[in-house]
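Chemist: Quick one: structure below, then a few questions.
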Amino acid sequence: MSHRGPVRVQDRHAFDTLIDARSPAEFAIDHLPGAINCPVLDDEERRIVGTLYKQQGAFEARRVGGAMVAANLAHHLRTRFADRPAHWKPLVYCWRGGMRSGSMVTWMRLVGWDAQQLAGGYKAWRRHVIDTLESQAPRLPLRVLCGATGSAKTRVLQALANQGQQTLDLEALARHRGSVLGAWPGVDQPSQTAFETQIVHALDAIDPQRPVFIEAESARIGRLNVPQPLVQRLRSSPCIEVQATASARLAYLLRDYAGLADDPALLARQLGTLKELHGRQVIERWQAWAEARALEPLFSELMALHYDPLYARSQSTHLHQWSQRQMVPADDLSPPAIDALARQVAGLPAPTP
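What follows is the structure in structure tokens.
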């Protein structure tokens, strides 16, 4: 059954395959969840066509670009689309729903597939992401998980998810732990737009009648900004504080960040960014420990001099319901204890509005 009228972003689930016809570089920055990349122009071809358009005008750009598009479509028909049945229904998009997706849809229809073009292309998706964040974030039933650095908040969040609770793990989506030493080794963060796309994709699966556990985050995670409507909702939501003992936290940090000892030079460089906060003398002592792979005294002092004072200031400033928080004590942060802690957090009575 052919789709009547323009296909909107909300209709995308009615199709068998979502195809991004843009160049690989555009696709890498951000794309619709679940889309496959079948470019009608690759990165270099797109550059050539763009230059021709500027220097010689639309006709010459279309003549040369048309031949490239035809060659790429022929390639996709012989490879990616070769085994698709007659009743296959793909939805195709490009930057704004123009010639790139239009040409692919035309060829697919000539073959006999019921191909459709996404009205407005990727730009319509981007608008949908912004609108969704603005409309849904203010209504999310968030429970904000707090705790000083080393309280295993991320692990508790993962345990909650494994136990069937709803969670929104912003650090996993941002691929960063959010602290000064939070970069994931060898992993790049996504683009800002891809980060927002992933948040909206996660929100799609959320039941607004059940609580959503989220970690207390600052407005930035690494180099990414948490969308403002979500920051505001997080800051005004009820809080649960994991109150772990200093010894449990230190033991947890030494396990969790053990990998930092693999690259002492990088660790020393990261610590150097704190010079303005703590002065040269302190940083040089920390860097010497980093280079000697002496994580225990390093983390002990980082907790006492950096993380804890920062935590005490930021929670009461940024979290509007901090004074009414629910508290869960913890003197052990081993994996079995974290599972038990998550069950305790999930079992807390619903906060009174």
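Heads up: the sequence shown runs through residues 1 to 353, numbered per the UniProt record's numbering. Glycine is no exception: its CB is placed at the ideal position from the N, C-alpha and C atoms. Keep in mind that this is a model prediction, so the values were computed, not measured.
Determine the direct distance from the alpha carbon of D43 to that of E26, and round the result to whole angstroms.
Modeler: Going by the C-alpha atoms only, they are around 8 Å apart.
Chemist: Taking DSSP as the reference, what is the three-state secondary structure of L319?
Modeler: In the structure shown, L319 sits in coil (DSSP, three-state: anything other than H, G, I, E or B).
Chemist: At what residues does the beta strand (DSSP E) containing T167 begin and finish?
Modeler: That run of the beta strand (DSSP E) goes 166–168.
Chemist: Less than 7 Å between C-beta atoms, sequence neighbours within five positions excluded: which residues of the same chain meet that for A119?
Modeler: Within the same chain, A119 has close Cβ partners P6, V7, R8, G97.
Chemist: Using DSSP with H/G/I as helix, E/B as strand and the rest coil, what is L145?
Modeler: If DSSP states are grouped into helix, strand and coil, L145 belongs with the strands.
Chemist: Please classify M104 as buried or exposed, where buried requires at least 16 other C-beta atoms within 10 Å of its C-beta.
Modeler: Per the 10 Å Cβ criterion, buried.
Chemist: My output table needs one value for D20: the three-state DSSP class, helix, strand or coil.
Modeler: Strand.
Chemist: Relative to the C-alpha of E291, which candidate in R84, Q116, A268, A337 has its C-alpha closest?
Modeler: E291 has its Cα closest to that of A268, out of R84, Q116, A268, A337.
Chemist: Hey, would you say A261 sits closer than 8 Å to L295, going by beta carbons?
Modeler: Taking 8 Å as the Cβ cut-off, A261 and L295 qualify as a contacting pair.
Chemist: May I ask you to verify whether the region 74–81 touches the region 53–61, counting CB pairs closer than 8 Å and requiring at least 3?
Modeler: Touching, no.
Chemist: Out of L234, G222, A194, A148, point me to the one whose CA is closest to F299's CA.
Modeler: Looking at the Cα atoms, A148 is the closest of the given residues.
Chemist: Could you say if the region 113–127 and the region 136–156 meet the contact criterion of at least three C-beta pairs nearer than 8 Å?
Modeler: The region 113–127 vs the region 136–156: no contact.
Chemist: Do G150 and L253 come within 8 Å of each other at the CB atom, strictly closer than that value?
Modeler: Cβ atoms of L253 and G150: closer than 8 Å.
Chemist: Buried or exposed: D20, going by 16 or more other Cβ atoms within 10 Å of its Cβ?
Modeler: Classification of D20: buried, given that the 10 Å Cβ count is 16 or more.
Chemist: How big is the Cα-Cα spacing for Y122 and V92?
Modeler: Straight-line Cα distance between these residues: approximately 10 Å.
Chemist: Give the DSSP-derived three-state secondary structure of Q56 in the structure shown.
Modeler: In the structure shown, Q56 sits in a helix (DSSP, three-state: H, G or I).
Chemist: In or out: H176 buried (at least 16 other Cβ within 10 Å) or exposed?
Modeler: So H176 ends up on the buried side.
Chemist: Would DSSP call H128 helix, strand or coil?
Modeler: Three-state DSSP puts H128 in a helix.
Chemist: What do you get for M1, buried or exposed, if any count of 16 or more other CB atoms within 10 angstroms of its CB means buried?
Modeler: Note that M1 scores 47 on pLDDT, short of 50, meaning its location in the model is unreliable; the coordinates nonetheless yield the value given after this. Its Cβ having fewer than 16 others within 10 Å, M1 is exposed.
Chemist: Quick check on this structure: which residue in Q189, R155, I283 has the alpha carbon closest to the alpha carbon of R249?
Modeler: Among Q189, R155, I283, the Cα nearest to that of R249 belongs to R155.
Chemist: Could you name the residues of the same chain whose beta carbon sits closer than 7 Å to that of P349, not counting the 5 residues immediately before and after it, in chain order?
Modeler: None.
Chemist: Taking the alpha-carbon positions, what's the S218 to L271 distance?
Modeler: Going from the Cα of S218 to the Cα of L271 covers about 19 Å.
Chemist: Report the residue ranges of all beta strand (DSSP E) runs contained in full by the region 200–267; include only those spanning at least 3 residues, in chain order.
Modeler: Segments of the beta strand (DSSP E) lying fully in the region 200–267: 212–215, 239–244.
Chemist: Looking only at C-alpha atoms, which of A304, Y311, T245, I48 sits nearest to S334?
Modeler: S334 has its Cα closest to that of T245, out of A304, Y311, T245, I48.
Chemist: Taking only the alpha-carbon atoms, compute the straight-line gap between R12 and W125 and give it to the nearest angstrom.
Modeler: About 10 Å.
Chemist: Helix, strand or coil for Q163 per DSSP?
Modeler: Three-state DSSP puts Q163 in coil, outside helix and strand.
Chemist: In whole angstroms, what separates the C-alpha of A111 from that of A86?
Modeler: According to the sequence shown, residue 111 is Val rather than Ala. Taking the straight line from one Cα to the other gives about 9 Å.
Chemist: Take H31 as the anchor and find which of A265, E196, F213 has the nearest alpha-carbon.
Modeler: The residue with the shortest Cα to Cα distance from H31 is E196.
Chemist: With a threshold of 16 other CB atoms inside 10 Å of the CB of F59, please say whether the residue is buried or exposed.
Modeler: With fewer than 16 Cβ atoms within 10 Å of its Cβ, F59 is classed as exposed.
Chemist: Since I believe R293 is in contact with P264 (beta carbons under 8 Å), could you give me their beta-carbon distance rounded to a whole number of angstroms?
Modeler: The pair is a contact, with the Cβ atoms about 6 Å apart (cut-off 8 Å).
Chemist: Kindly indicate the opening and closing residues of the beta strand (DSSP E) around M327.
Modeler: Looking at the DSSP string, the run of the beta strand (DSSP E) that includes M327 is 326–330.
Chemist: Assuming Q198 contacts L224 under a Cβ cut-off of 8 Å, what Cβ separation, rounded to an integer in Å, is found between them?
Modeler: Contact flag wrong, Cβ pair sits at about 11 Å.
Chemist: So for L181, helix, strand or coil by DSSP?
Modeler: Coil at L181, not helix or strand.
Chemist: Measure the Cβ-Cβ separation of R255 and H320 and say whether it is below 8 Å.
Modeler: No, Cβ-Cβ distance for R255 and H320 is not below 8 Å.
Chemist: Starting from the Cα of A74, find the closest Cα among R62, T106, G50 and give me that residue.
Modeler: Looking at the Cα atoms, T106 is the closest of the given residues.
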